[in-house]
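Engineer:
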Amino acid sequence: FTSLYAAYDKMPDDLKERLDGAFVMQGHEYGGFGRLNLDIALEDMHHFRQPLVVTNPGSGRKALYLSRLNTMWIEGMDRDESEAILGPLFDLAEDTASMYEHVWRKGDLVMWDNLACLHARTDWPDGETRMLRRCTTEGDRLW
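Now the structure itself:
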């Protein structure tokens, strides 16, 4: 788990200003690993437009809203410019200083703020079962 609030807080102020109101294209290839193939036509994958920075309606705190696995480009920029900005932002989002790795024990329950948290799993031992439950709370649309 890594904090996207912390990633936003670490951004230089001039970059925060430049990206205020920016949107990104997010995509998803089922079964894919690593960065998306940016040459795939949008109509051939699940995709959606989202803000690059979101504000938590409860706290007013801002967070980056991106992922190396899903964020394709920043709208209104050519690919090179977008990649030059996204690369360092991905690095901020994946900074180990803002990361928590849970060591699982029987009966554990982990909850996180899906608005501002990157999360992933590591492998688990053969023969063990992984059980997940999702709970979504009510709220207004964020954008």
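Sequential numbering from -15 applies to the sequence shown in our numbering.
Idealized CB from N, CA, C, for every residue including glycine.
1) Just verifying my parser: in three-state terms, what is the DSSP assignment at Ala25?
2) As an exercise, report each continuous alpha helix (DSSP H) stretch of at least 4 residues that is fully enclosed by the stretch 19 to 99, in chain order.
3) Tell me which residue opens and which closes the beta strand (DSSP E) that Met(-5) is part of.
4) Can you say whether Met83 is buried or exposed, counting buried as having 16 or more other CB atoms within 10 angstroms of its CB?
5) Just the Cα atoms here: how many angstroms apart are Glu78 and Thr(-14)?
6) Could you compute how far the alpha carbon of Glu13 sits from the alpha carbon of Arg45?
7) With a CB to CB cut of under 8 Å and the five nearest residues on each side skipped, what residues in its chain are close to Trp96?
8) Expressed to the nearest angstrom, what Euclidean distance is found between the alpha-carbon atoms of Leu73 and Asp110?
9) Using only the alpha-carbon positions, how far apart do Val94 and Gly42 sit?
10) What do you reckon, are the CB atoms on Met161 and Gly5 nearer than 8 Å?
11) Looking at C-alpha atoms only, which residue of Arg52, Ala81, Thr121 and Arg118 is the closest neighbour of Asn21?
12) In the DSSP assignment, what residue or residues form a beta bridge with Leu3?
Structural biologist: Taking the definition as stated:
1) coil
2) 63 to 77
3) Where Met(-5) is concerned, there is no enclosing beta strand (DSSP E), given that its DSSP letter is neither H nor E.
4) exposed
5) 7 Å
6) 30 Å
7) Phe(-15) and His103
8) 35 Å
9) 21 Å
10) Residue numbering for the chain in the displayed model covers -15 to 127; residue 161 lies beyond these limits and cannot be assessed.
11) Arg52
12) In the DSSP output, where bridge partners are listed per residue, Leu3 has none listed.
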